[in-house]
Amino acid sequence: VEIVRSGPSLSDPYNRFSYVFRLSSDDARFPDLNKLRRKEERLLRADAKKSQQLAVVQNEISVLTNLITRRLITSMINGAQDAGRGVQALARLDTIFARASYG
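Sequential numbering from 21 applies to the sequence shown in my numbering.
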């Protein structure tokens, strides 16, 4: 999973604050997604007759990607308070060490 800049948008024309999750295809944590992507690749190489199946698979990939992304966001939100407390503790430790080193 990568967090990357999403690109310019109306709410962020200079692309400074907009990020999205990118789910890599070689990630073993999402076997269902990998299976659908392999199926999509096979259909892309097949005849034009399979275009309806391809559309269905691409829709399934989109739905599954959104579901995984929502789960990741939910887990980040659930852990945000703990992460904030950890950052505050580190800042306090940094201050203590800085004071100790300068007497």
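Yeah, the Cβ is synthetic: ideal placement off N, Cα and C, and Gly gets one too.
Nearest-angstrom Cα separation, counted from isoleucine 23 out to arginine 8:
This structure cannot settle anything about residue 8, because the visible part of the chain is limited to 21 through 123.
For leucine 92, which residues of its own chain have a beta-carbon under 8 Å away from its beta-carbon, when the five flanking residues on both sides are left out?
Val21, Phe41
Do isoleucine 81 and glutamate 60 have their C-beta atoms closer together than 8 Å?
Yes. Within cutoff.
Cross-strand partners of tyrosine 39 (DSSP beta bridge)
Arg25
In the structure shown, what three-state DSSP assignment does proline 33 receive?
Three-state result, proline 33: coil.
Out of curiosity, what's the CA-to-CA distance linking serine 29 and asparagine 35?
In this model, serine 29 and asparagine 35 are separated by some 7 Å (Cα to Cα).
Which of helix, strand or coil DSSP assigns to serine 44:
In this structure, serine 44 counts as coil in the three-state DSSP scheme.
heavy atom of the ligand HEM below 7 Å from glycine 106 C-beta:
This structure lacks the ligand HEM; in fact it carries no ligand of any kind.
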